[in-house]
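Undergrad: First residue of the sequence shown? That's 26 in this note's numbering, and the numbers climb one at a time after it.
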Amino acid sequence: MTSLTGSTQLQSLPDGPPLVAALAGSVIQLSTLAYVWQSYSSARDCLEDPLKCLLHPLNADPFGRTVVYVVAFALVMWLVSLRTMPSKGTSDPSIVDRLWSIMPWIYTWHWCVAGEFKPRLLIMTCLATGWGVRLTTNFWIKGGFSGGEDYRWVIVRHWYPGWQWEVFNLMFICLFQQCAILAFSVPAVTALQSDSPLGWLDAVASGLYVLLVIGEAVADLQMLRYQTEKYRRKAAGEEPGAYARGFIETGLWAYSRHPNYFCEVTMWWAFYLFSVPATGKWLNWTIWGPIFLSGLFILPGASLDITEALSSRKYPDFKDYQRRVSKFVPMPPRGKNA
26 MTSLTGSTQL
36 QSLPDGPPLV
46 AALAGSVIQL
56 STLAYVWQSY
66 SSARDCLEDP
76 LKCLLHPLNA
86 DPFGRTVVYV
96 VAFALVMWLV
106 SLRTMPSKGT
116 SDPSIVDRLW
126 SIMPWIYTWH
136 WCVAGEFKPR
146 LLIMTCLATG
156 WGVRLTTNFW
166 IKGGFSGGED
176 YRWVIVRHWY
186 PGWQWEVFNL
196 MFICLFQQCA
206 ILAFSVPAVT
216 ALQSDSPLGW
226 LDAVASGLYV
236 LLVIGEAVAD
246 LQMLRYQTEK
256 YRRKAAGEEP
266 GAYARGFIET
276 GLWAYSRHPN
286 YFCEVTMWWA
296 FYLFSVPATG
306 KWLNWTIWGP
316 IFLSGLFILP
326 GASLDITEAL
336 SSRKYPDFKD
346 YQRRVSKFVP
356 MPPRGKNA
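#1: Proline 212 lies in the alpha helix (DSSP H); which residues open and close that run?
#2: Measuring straight from C-alpha to C-alpha, what distance separates valine 192 and proline 186?
#3: Quick one: Cα of serine 336 to Cα of aspartate 330, how far?
#4: If you drop the 5 nearest sequence neighbours on each side, which residues of the same chain put their C-beta closer than 6 Å to that of methionine 196?
#5: Would you give the residue range spanned by the alpha helix (DSSP H) that methionine 110 belongs to?
#6: Straight-line CA distance for leucine 237 to tyrosine 286?
#7: Measure the CB-CB distance between phenylalanine 317 and phenylalanine 353 and report whether it falls below 9 Å.
#8: If we call anything under 9 Å between Cβ atoms a contact, is tyrosine 176 one with arginine 270?
#9: Does the region 214-226 come within contact of the region 291-306, defined as at least 3 CB pairs closer than 8 Å?
#10: By a C-beta neighbour count over all protein chains shown, 10 Å radius and 16 as the cutoff for buried, is valine 93 buried or exposed?
#11: Looking at the secondary structure, which residues open and close the alpha helix (DSSP H) in which valine 235 lies?
#12: Among Gly360, Ile120 and Val138, whose alpha-carbon lies nearest the alpha-carbon of phenylalanine 98?
#13: So which of Leu298, Thr332, Met110 and Pro284 has the shortest CA-CA distance to methionine 356?
#14: Residues in its own chain within less than 8 Å of glutamate 254 by CB, not counting five upstream and five downstream?
#15: Alpha carbon to alpha carbon, how far is arginine 123 from aspartate 220?
#16: Could you tell me the distance, in whole angstroms, from the CA atom of leucine 44 to the CA atom of glutamine 54?
#17: So leucine 100 packs on cysteine 204, CB below 8 Å; how close in whole Å?
#18: Given this structure, state the Cα-to-Cα distance separating glycine 7 from proline 118, to the nearest angstrom.
#19: Between leucine 277 and alanine 242, which are expected to be in contact by the criterion C-beta below 8 Å, what is the C-beta distance as a whole number of angstroms?
#20: Helix or strand or just coil, what does DSSP make of asparagine 84?
#21: Grouping DSSP H, G and I as helix and E and B as strand, with all else coil, what is aspartate 220?
#22: Measure the beta-carbon distance from serine 328 to valine 290 and round it to whole angstroms, keeping in mind my assumption that it falls under 8 Å.
#23: Which complete alpha helix (DSSP H) runs does the region 333-357 hold, if anything under 4 residues is left out?
#24: Check phenylalanine 142 in the structure and name its three-state DSSP category.
#25: In or out: serine 112 buried (at least 16 other Cβ within 10 Å) or exposed?
#26: Considering only C-alpha positions, which residue in the set Ser66, Ser64 and Arg90 is nearest to leucine 76?
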């Protein structure tokens, strides 16, 4: 994609999984969420009669109506993504990227109002809002709202040309990703439905979440400064100097090749911790959200692997960086002779 710091040029594209495998993964995960929400949450009535829920939302369970409206919204998003078909011959799902950091705090504020601002839920809502405002601002600074699409969709479209891309767009990008966003937000539903008092685990969860938001912000800022200066020197015809290798490997990036992703995934596990005192169970029905979010980033062929494959092709020295620095979890870097 083209951003305010420069443009990503794709010269060689990695291979992706077969379409059948990708769609099967989406269907399995969507089916799991549907089963769990039907069997273990208050969304049962709305899932059994979604039309009634759509027509009479004020009479429906707050979480149930959220589920039904999210599915309907995902279908509308898919239709909106088709608007570029006449001009480009393909759909544009960029709206999903622009909503990633917005939807969770919309959901939590909806539940917070429905729950009359219960203390635990209010804390969770404020935390999610702080994360969302920060990440949305960062996305805007990088030019995410100025048009264009994420470079990863260019790669996936190469994997699945023509009608295959349109099916993938519907099932994975629009339906599954919107349900996944809702899923990692639903620990807040347990706070909505609980009257248990605040305790030490709420304090731990709050502290971890704030620390990880700060970590993600620092990693994003370090990357933005690096890319801005790299492209400035390139445009000015200056010697690249410390930017000659082309990729950042200082600051938090000296300990993890993806510190921003590590913070992003881990903070929603911290968010899940709020559900433990709310339900009285360490393992409860909301755990599928952070599990599926983790899969979006760290499973084979997921976001990290796509990014790594492209960087390996673009930067000759990236393999040395891979050898020395942890891929995901921050760890002390290995020596040059490791």
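We treat Cβ as the ideally placed atom computed from N, Cα and C, and that holds for glycine.
All values reported here derive from a predicted model rather than from experimental measurement.
TA: Concretely, from the data shown:
#1: Counting from one through the sequence shown, the residue named residue 212 turns up at place 187. Here the alpha helix (DSSP H) through proline 212 covers 212-217.
#2: The residue labelled residue 192 in the question sits at position 167 within the sequence shown. The residue labelled residue 186 in the question sits at position 161 within the sequence shown. Valine 192 and proline 186: Cα-Cα distance of roughly 10 Å.
#3: Taking the first residue of the sequence shown as position 1, residue 336 is located at position 311. Taking the first residue of the sequence shown as position 1, residue 330 is located at position 305. Whole-angstrom Cα-Cα distance: 10 Å.
#4: Against the sequence shown, residue 196 aligns to sequence position 171. Correct list, in chain order: Leu48 and Ser51.
#5: Looking up residue 110 in the sequence shown gives position 85. 110-113 is the span of the alpha helix (DSSP H), which, as asked, contains methionine 110.
#6: Here residue 237 is taken as the residue at index 212 of the sequence shown, counted from 1. Here residue 286 is taken as the residue at index 261 of the sequence shown, counted from 1. Cα to Cα, the separation comes out at about 10 Å.
#7: By one-based count along the sequence shown, residue 317 stands at place 292. By one-based count along the sequence shown, residue 353 stands at place 328. Contact: no.
#8: Translated into the one-based positions of the sequence shown, residue 176 becomes position 151. Translated into the one-based positions of the sequence shown, residue 270 becomes position 245. For tyrosine 176 and arginine 270, no; Cβs fall outside 9 Å.
#9: yes
#10: The residue given as residue 93 occupies position 68 in the sequence shown. Counting Cβ neighbours within 10 Å, valine 93 comes out buried, since at least 16 surround it.
#11: Here residue 235 refers to the residue found at position 210 of the sequence shown. Valine 235 -> alpha helix (DSSP H) spans 225-261.
#12: Your numbering for residue 98 matches position 73 in the sequence shown. Nearest of Gly360, Ile120 and Val138 to phenylalanine 98, Cα basis: Ile120.
#13: Against the sequence shown, residue 356 aligns to sequence position 331. That would be Pro284, whose Cα lies nearest to the Cα of methionine 356.
#14: The count along the sequence shown starts at 1 and reaches residue 254 at position 229. Closer than 8 Å at Cβ, skipping near neighbours: Tyr268.
#15: Numbered from its first residue, the sequence shown carries residue 123 at position 98. Numbered from its first residue, the sequence shown carries residue 220 at position 195. Between arginine 123 and aspartate 220, the C-alpha separation is close to 34 Å.
#16: Against the sequence shown, residue 44 aligns to sequence position 19. Against the sequence shown, residue 54 aligns to sequence position 29. Cα to Cα, the separation comes out at about 16 Å.
#17: The sequence position of residue 100 within the sequence shown is 75, counting from 1. The sequence position of residue 204 within the sequence shown is 179, counting from 1. About 12 Å; that fails the 8 Å criterion.
#18: Limits of the chain in this structure are 26 at one end and 363 at the other, which puts residue 7 out of reach.
#19: Numbered from its first residue, the sequence shown carries residue 277 at position 252. Numbered from its first residue, the sequence shown carries residue 242 at position 217. Rounded, the Cβ-Cβ distance is 10 Å, inconsistent with contact.
#20: Taking the first residue of the sequence shown as position 1, residue 84 is located at position 59. Reduced to three states, the DSSP call for asparagine 84 is helix.
#21: Against the sequence shown, residue 220 aligns to sequence position 195. If DSSP states are grouped into helix, strand and coil, aspartate 220 belongs with coil.
#22: Against the sequence shown, residue 328 aligns to sequence position 303. Against the sequence shown, residue 290 aligns to sequence position 265. So it is not a contact: roughly 10 Å between Cβ atoms.
#23: 343-349
#24: Reading the sequence shown from its first residue, position 117 is the one you call residue 142. Looking at phenylalanine 142 - three-state DSSP - the assignment turns out to be coil, as it is neither helix nor strand.
#25: Along the sequence shown, read from residue 1 onward, the residue named residue 112 stands at position 87. By the neighbour-count rule (16 or more Cβ atoms within 10 Å), serine 112 is not buried but exposed.
#26: Position 51 of the sequence shown, counted from the start, is the residue given in the question as residue 76. The residue with the shortest Cα to Cα distance from leucine 76 is Arg90.
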